[in-house]
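Asker: Numbering (full-length UniProt numbering), first residue to last: 1 to 213. Idealized CB from N, CA, C, for every residue including glycine.
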């Protein structure tokens, strides 16, 4: 399940309707790819499935010849209709066992975690997952209902024996605070508004990657 990246992934880009519009949707996705994002998630909160389908199909051609995986947030049933598309699920969504059974052995599946217990459970299910996300590390408008877990949870994961799958730190992560998270043991980062609202999204994405240098 975890032979997807020949080298450890560093940057996870999210194409979020909260920070894009229909006019720049495809261009912003291309910019994330041009900036060497290791994975891209399509997140369209508050939209209908038909709207998500249109947004997904608008960017699918960009991934046809790209090794970068595309995942759809919180709609594995729609993802199942497209051969190239994986999914990201939350703690309150369909159980991972059911999602994996529905999507088969090769699709990318990610899981959100917000506590040491949830991290432990994700690692225990590593055979079913492609990666897991840890957060929100800092306060973020994209997750207003979640209390930030702070850097403590990052330190917890970093203190464990190396997990058998990649893990990404998410939530309020920006180029300006990336070094704080990396200093606590983060191996990969997710950034949303900091990349999408940048004048040059591709350059911003590369800059986030350089934080690991």
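Determine, using beta-carbon pairs with one atom in the segment 29-45 and one in the segment 197-209, whether at least three such pairs fall under 8 Å.
Answerer: Contact between the segment 29-45 and the segment 197-209 is present, because at least three Cβ pairs lie under 8 Å.
Asker: Figure out for me which residue from 190, 128, 39, 118 has the closest Cα to the Cα of residue 6.
Answerer: Nearest C-alpha to residue 6: 39.
Asker: Can you tell me which of the three DSSP states residue 30 falls into?
Answerer: Three-state DSSP puts residue 30 in a helix.
Asker: Starting from residue 88 and walking both ways along the beta strand (DSSP E), at which residues does that stretch end?
Answerer: Residue 88 -> beta strand (DSSP E) spans 85-89.
Asker: Report the option in 106, 109, 93, 133 whose CA atom is closest to the CA atom of residue 119.
Answerer: It is 133 whose Cα lies nearest to the Cα of residue 119.
Asker: Which of helix, strand or coil does DSSP assign to residue 156?
Answerer: Three-state result, residue 156: helix.
Asker: Identify which residue in 185, 213, 177 has its Cα closest to the Cα of residue 191.
Answerer: Looking at the Cα atoms, 177 is the closest of the given residues.
Asker: Quick test of your reading: residue 211 and residue 175, contact by CB under 8 Å. State the CB separation rounded to the nearest angstrom.
Answerer: The pair is a contact, with the Cβ atoms about 7 Å apart (cut-off 8 Å).
Asker: For residue 49, which of 27, 98, 65, 80 has the nearest alpha-carbon?
Answerer: Answer by Cα proximity: 80.
Asker: Can you tell me whether DSSP reads residue 133 as helix, strand or coil?
Answerer: DSSP places residue 133 in strand when its eight states are reduced to three.
Asker: Which residues does DSSP list as the beta-bridge partners of residue 13?
Answerer: Looking at the DSSP assignment, residue 13 forms a beta bridge with 40, 191.
Asker: Taking the alpha-carbon of residue 122 as reference, which of 148, 105, 140, 164 has the nearest alpha-carbon?
Answerer: When only C-alpha atoms are compared, the closest one is 164.
Asker: My parser needs the beta strand (DSSP E) runs of 3 or more residues fully inside the segment 41-115; what are they?
Answerer: If we require 3 residues or more, the beta strand (DSSP E) runs fully inside the segment 41-115 come out as 70-73, 85-89, 109-113.
Asker: Rounded to whole angstroms, what is the Cα-Cα separation between residue 9 and residue 26?
Answerer: About 23 Å.
Asker: Could you tell me which of 150, 74, 129, 161 sits nearest to residue 46, measuring between CA atoms?
Answerer: That would be 74, whose Cα lies nearest to the Cα of residue 46.
Asker: If I'm right that residue 88 touches residue 41 with Cβ under 8 Å, what's the distance once you round it to whole angstroms?
Answerer: Right, their Cβ atoms sit about 6 Å apart.
Asker: With 16 other CB atoms within 10 Å as the buried threshold, where does residue 147 fall?
Answerer: Exposed, since its Cβ has fewer than 16 Cβ neighbours within 10 Å.
Asker: Using DSSP bridges, identify the partner residues of residue 168.
Answerer: Its beta-bridge partners are 133.
Asker: Is DSSP giving residue 196 helix, strand or coil here?
Answerer: If DSSP states are grouped into helix, strand and coil, residue 196 belongs with the helices.
Asker: Skipping 5 residues on each side, what residues in its chain have a beta carbon closer than 7 Å to that of residue 184?
Answerer: The residues are 151, 154, 155, 158.
Asker: Please return the same chain residues whose Cβ sits closer than 7 Å to the Cβ of residue 29, not counting the five positions on each side in sequence.
Answerer: Answer for residue 29: 15, 40, 59, 62, listed in chain order.
Asker: If you drop the 5 nearest sequence neighbours on each side, which residues of the same chain put their C-beta closer than 6 Å to that of residue 90?
Answerer: The residues are 112.
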